[in-house]
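**Q** Pasting a structure here, questions to come.
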Amino acid sequence: MIRKAVIPAAGFGTRFLPATKSQPKEMLPIVDTPTIQYVVQEAAASGITDILMVIGKGKRAIEEHFDRNFELEGELAAKGKEKELKAIRKISDLANIHFVWQKELRGLGDAVQCARDHVGNEPFAVLLGDTVMGSRKPVIRQLMDVFDRYQESVVAVEEVERSKVSRYGVIKASQVADGLHLIEDFVEKPAPAEAPSNLAIASRYVFTPDIFDFLSKIGRGKNNEIQLTDAMRLLVKSRAMYALQFEGTRYDIGNKLDFIKTNIIFGLKHKDMSRELRAFIRDLGKGD
């Protein structure tokens, strides 16, 4: 049973400067909700009760967001704003959330390694803090179900256009069931002609605790960082690891264009603004 999750959220978010100079990119809102809150909600909806966030300099706003704000709660209660009061209280009740500092930004692998003492000898989930998943069943729950069956590490993957595989880490694998693959190797950002598949790693993982042993062995790799993919390549040489083509949609806010697109998509789902937003988009189209 998986009860712990790790959410790396230490990066500078340089693609969103100057907005991220003093505000974590994970706190950038999708309509009215910080991106990282969607990630925590996915973990909580999957049955995870214990979350460790790996943060860095300038990320205090994340801690404050998931803590209680009694002054604000008192103000809302005094004004009879019960809906808003219920919404902010719910945030701090999602899970038991802990924080650890990544003292030096040495890559995703190092961020995961920061969770070793907290995770201990348990399997655990990893959810990247700048990627939102839309699905009926939470994507990390889909991976946890695979783990429950095979008791091996699982990574989420999605099909991408062959011409775009050079943007991603992709897998070399053999299919063992519908949407489920046994991984043979990982290839980081291959040329389209050299890619073993068009199945790209998609920001969600479930690991057995021995991933920490491989992270401690690899040293610095590409960009002088400790790469999680390098540790995963060692893992698949010693034991099985699976890839699941998840059911759902990945909303990547890693760049400004995708962030704006995601806000529009989520805005169209809000009952209080969807009609006016659709009309606004139609009017913009008429002006072209």
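In numbering that gives the first Met the number 0, the protein residues as written are 0 to 287. Ideal Cβ placement from N, Cα and C applies to all residues, glycine included. This one's a predicted model, so the numbers in the text were calculated from it and none came from an experiment.
Is there contact between the region 109 to 124 and the region 199 to 208, where contact requires at least three CB pairs shorter than 8 Å?
**A** The region 109 to 124 is in contact with the region 199 to 208.
**Q** Could you round the C-beta distance between Glu246 and Gln141 to whole angstroms and report it? I think they count as a contact, below 8 Å.
**A** Right, the Cβ-Cβ distance comes to about 7 Å (below 8 Å), so this counts as a contact.
**Q** Measure the alpha-carbon distance for Asp147 versus Met0 and round it to whole angstroms.
**A** Distance between the alpha carbons of Asp147 and Met0: 7 Å.
**Q** In terms of alpha-carbon separation, which member of Thr228, Val99, Val39 and Arg67 lies closest to Gly55?
**A** Measuring from the Cα of Gly55, the nearest candidate turns out to be Val99.
**Q** Does DSSP put Tyr241 in a helix, in a strand, or in coil?
**A** Of the three classes helix, strand and coil, the one that applies to Tyr241 here is strand, per DSSP.
**Q** I'd like the list of long-range same chain contacts for Ala114, defined as Cβ closer than 6 Å, with 5 residues on each side in sequence excluded.
**A** Answer for Ala114: Val5 and Leu51, listed in chain order.
**Q** Residues bridged to Leu198 by DSSP?
**A** Bridge partners of Leu198: Glu158.
**Q** Which whole-angstrom value describes the C-beta separation of Ile47 and Arg2, a residue pair presumed to lie in contact below a C-beta threshold of 8 Å?
**A** Yes, they are in contact, since the Cβ atoms of Ile47 and Arg2 sit about 6 Å apart, within 8 Å.
**Q** Below 8 Å, how does it come out for the region 224 to 235 and the region 255 to 274: are there three or more Cβ pairs, yes or no?
**A** As far as the Cβ criterion goes, the region 224 to 235 does not touch the region 255 to 274, which means the pair count is below three.
**Q** In whole angstroms, what separates the C-alpha of Ile182 from that of Ala155?
**A** Cα to Cα, Ile182 sits roughly 12 Å from Ala155.
**Q** Give me the Cβ distance between Leu27 and Ile252, rounded to the nearest whole Å; I'm assuming they're in contact under 8 Å.
**A** Right, the Cβ-Cβ distance comes to about 7 Å (below 8 Å), so this counts as a contact.
**Q** Could you check what DSSP says for Gly168 in three-state terms: helix, strand or coil?
**A** Reduced to three states, the DSSP call for Gly168 is strand.
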